[in-house]
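Let me begin by presenting the structure, written as structure tokens, before commenting on it.
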Amino acid sequence: MADQIIFAIPKGRILEEALPLLARVGIEPEPAFSDEGSRALRFATNRPEIGLIRVRAFDVATFVAHGAAQLGIVGSDVLMEFDYSELYAPVDLDIGHCRLSVAEPAAMAEGDDPREWSHVRVATKYPNLTRRHFEARGVQAECVKLNGAMEIAPVLGLSSRIVDLVSSGRTLKENGLVEVETVASVSARLIVNRAAFKTRAADMAPLVEAFREAVGGRRAA
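Just so you know, UniProt numbering puts 152 at position 152 of the sequence shown, and the rest follows in order with no gaps.
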């Protein structure tokens, strides 16, 4: 359908929590969507006017910002990193909770005080957000952009510290790292392309309201 609403859903940590929320608003993906072995990226739903694409979390924001998708679900970490003016984030979905933190080797942390930092070298996939965080504190941040395996960077001397998402902290611990500072609390948000929200208000506004009600009902349950 040429006028189909495309909904971008992230792979990874948010996906499992997002599916029950989609069901609450009456959107059920075709069976292939749950097939981890499937290489497909676009899927039908029980509603012909809504299709799904499953892409990397960072790419959800890009697809929606540029209008290739009209709706999406993405972590607030991604929104803070890219800060797209084309995106409207009307609903905090209350899922995907974690934090973006600074971590360093445990031995370093024993005698370290973040309040005394003046310059840091950090490995992260959030260079923009990281620089803004440190600049606000008067700290110069040299960011090394990585897309994964952040925890190995200090061990191999690529950087002294990392900035990455932390949930349980198990991965940090297994790699000899400890959190020393929280950059931001993170949760998943419903995002909408601003232009689409204006030009297709009759289609988009009810969907946004349905998600708002679904989150409210989930919290009350």
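Glycine is no exception: its CB is placed at the ideal position from the N, C-alpha and C atoms.
Does any C-beta atom of chain C lie closer than 8 Å to the C-beta of residue i?
{"i": "E86", "result": "Considering every chain present, this structure includes no chain C. It has just one protein chain."}
For my contact list, residue i and residue j are in at a C-beta cut-off of 8 Å; report their separation, rounded to the angstrom.
{"i": "A214", "j": "R24", "result": "4 Å"}
{"i": "F63", "j": "G51", "result": "Actually they are not in contact, since the Cβ atoms of F63 and G51 sit about 12 Å apart, beyond 8 Å."}
{"i": "R99", "j": "V55", "result": "Actually they are not in contact, since the Cβ atoms of R99 and V55 sit about 24 Å apart, beyond 8 Å."}
Which of the three DSSP states is assigned to residue i in this structure?
{"i": "A103", "result": "strand"}
{"i": "L165", "result": "strand"}
{"i": "I152", "result": "helix"}
{"i": "R47", "result": "coil"}
{"i": "K173", "result": "helix"}
{"i": "R200", "result": "coil"}
{"i": "R212", "result": "helix"}
{"i": "residue 226", "result": "Because residue 226 is not part of the residues shown, which for the chain are 1 to 221, the question remains open."}
{"i": "A205", "result": "helix"}
{"i": "R115", "result": "helix"}
Between which two residues does the alpha helix (DSSP H) holding residue i run?
{"i": "E179", "result": "Careful: E179 lies outside any alpha helix (DSSP H), inside the beta strand (DSSP E) at L177 to V186."}
{"i": "D59", "result": "A57 to A65"}
Alpha carbon to alpha carbon, what distance is there between residue j and residue i?
{"i": "D3", "j": "E49", "result": "8 Å"}
{"i": "V102", "j": "H133", "result": "11 Å"}
{"i": "I95", "j": "A184", "result": "15 Å"}
{"i": "G176", "j": "A106", "result": "6 Å"}
{"i": "G169", "j": "A61", "result": "26 Å"}
{"i": "G217", "j": "R131", "result": "38 Å"}
{"i": "L87", "j": "V192", "result": "6 Å"}
{"i": "E135", "j": "E142", "result": "11 Å"}
{"i": "P206", "j": "Y126", "result": "33 Å"}
Please classify residue i as buried or exposed, where buried requires at least 16 neighbouring CB atoms within 10 angstroms.
{"i": "residue 272", "result": "Only positions 1 to 221 of the chain appear in the structure, and residue 272 is not among them; the question remains open."}
{"i": "V155", "result": "exposed"}
{"i": "P20", "result": "exposed"}
{"i": "L22", "result": "buried"}
{"i": "G37", "result": "exposed"}
{"i": "R42", "result": "exposed"}
{"i": "S159", "result": "buried"}
{"i": "D113", "result": "exposed"}
{"i": "N128", "result": "exposed"}
{"i": "E81", "result": "buried"}
{"i": "D164", "result": "buried"}
{"i": "E209", "result": "exposed"}
{"i": "R137", "result": "exposed"}
{"i": "E104", "result": "buried"}
{"i": "R189", "result": "buried"}
Could you give the first and the last residue of the continuous beta strand (DSSP E) run that contains residue i?
{"i": "residue 238", "result": "The requested residue 238 is not part of the displayed model; the chain covers only 1 to 221."}
{"i": "E135", "result": "That residue, E135, is in no beta strand (DSSP E); its alpha helix (DSSP H) goes P127 to E135."}
{"i": "E142", "result": "Q140 to K145"}
{"i": "R24", "result": "Here R24 belongs to no beta strand (DSSP E); instead the alpha helix (DSSP H) covers L15 to R24."}
{"i": "Y88", "result": "L87 to D92"}
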